[in-house]
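Student:
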Amino acid sequence: MSDSLDRLYAAVVAAKNADPATSRTAKLLRAGRGKMAKKLAEEAVEVVIDAMTGQTEAVIKESADLLYNLTVLWVAAGIEPKHVWAEMNRRERMFGIAEKLPKRSIARRKVVALAAARGIKRR
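Heads up, our numbering is the position in the sequence shown plus 26, with the first residue counted as 1.
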């Protein structure tokens with residue numbers, strides 16, 4: 027799958043200089059991160075709704091749209107797929123492949139505890 031996302035990423039990068047009148051990707055990239063984030067959120071909500079209503083085929087299609095919009099946002103933010111893969115590898119080493127990073131990581135808890143011990147208040 028990472029090959030497909032890598033190819034999608036390369037196509038989005040290539041579309042940066044395309045004519046927005048003929049390229050939906052170029053138009054989206056020029057619309058700004060706010061618009062890109064809105065499109066990403068819309069697709070995520072559509073995936074959730076379709077999943078909740080048991081629409082498997084729609085979940086598949088909307089998931090592809092979600093990945094496309096995520097990739098466009100990555101390009102705009104200067105994030106390459108290899109950066110995401112590296113983070114996924116780091117998390118796998120720490121927590122296993124099917125686990126999500128805890129909201130408050132162990133390192134973060136240590137920093138907070140150390141700050142508290144030194145009398146430093148968190149913001």
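Cβ coordinates follow ideal geometry from the N, Cα and C atoms, glycine included.
Under 8 Å, do E68 and D76 count as touching if we go by C-beta distance?
Tutor: In the sequence shown, counting from the first residue as 1, residue 68 sits at position 42. In the sequence shown, counting from the first residue as 1, residue 76 sits at position 50. No, they are not a contact pair.
Student: Does the distance from the CB of L92 to the CB of A70 come in under 8 Å?
Tutor: Within the sequence shown, numbered from 1, the residue matching residue 92 stands at position 66. Within the sequence shown, numbered from 1, the residue matching residue 70 stands at position 44. Their beta carbons are under 8 Å apart, which means L92 touches A70 by this criterion.
Student: Expressed to the nearest angstrom, what Euclidean distance is found between the alpha-carbon atoms of A52 and L31?
Tutor: Taking the sequence shown and counting its residues from 1, the one referred to as residue 52 is at position 26. Taking the sequence shown and counting its residues from 1, the one referred to as residue 31 is at position 5. When rounded, the distance between both Cα atoms is 18 Å.
Student: Hey, A36 and S49: beta-carbon distance below 8 Å or not?
Tutor: Looking up residue 36 in the sequence shown gives position 10. Looking up residue 49 in the sequence shown gives position 23. No. Outside cutoff.
Student: Using the Cβ count rule (16 or more neighbours within 10 Å means buried), how would you classify T79?
Tutor: Your numbering for residue 79 matches position 53 in the sequence shown. T79 should be labelled exposed.
Student: If distances are taken between C-alpha atoms only, which option among A63, R56 and P46 comes closest to L99?
Tutor: The count along the sequence shown starts at 1 and reaches residue 99 at position 73. For L99, the nearest C-alpha among the options comes from A63.
Student: Could you pull out every residue in the same chain whose Cβ sits closer than 6 Å to the Cβ of D45, ignoring the five residues on either side in sequence?
Tutor: Your numbering for residue 45 matches position 19 in the sequence shown. Within the same chain, D45 has no close Cβ partners at all.
Student: Can V38 and T82 be called in contact, C-beta distance under 8 Å?
Tutor: Counting from 1 along the sequence shown, the entry for residue 38 is found at position 12. Counting from 1 along the sequence shown, the entry for residue 82 is found at position 56. No, the pair does not count as a contact, with Cβ atoms beyond the cut-off.
Student: Specify the secondary structure class of G145 as computed by DSSP and reduced to three states.
Tutor: Here residue 145 is taken as the residue at index 119 of the sequence shown, counted from 1. The answer is coil: DSSP assigns G145 none of H, G, I, E or B.
Student: State the DSSP-derived secondary structure class of N43, mapped to helix, strand or coil.
Tutor: Residue 43 sits at position 17 when you count from the first residue of the sequence shown. N43: coil per DSSP, three-state reduction.
Student: Under 8 Å, do L55 and V101 count as touching if we go by C-beta distance?
Tutor: Reading the sequence shown from its first residue, position 29 is the one you call residue 55. Reading the sequence shown from its first residue, position 75 is the one you call residue 101. In this structure, V101 lies closer than 8 Å to L55 by Cβ.
Student: Nearest-angstrom Cα distance between E72 and A84?
Tutor: For the purposes of this step, residue 72 is taken as the residue at position 46 of the sequence shown. For the purposes of this step, residue 84 is taken as the residue at position 58 of the sequence shown. When rounded, the distance between both Cα atoms is 9 Å.
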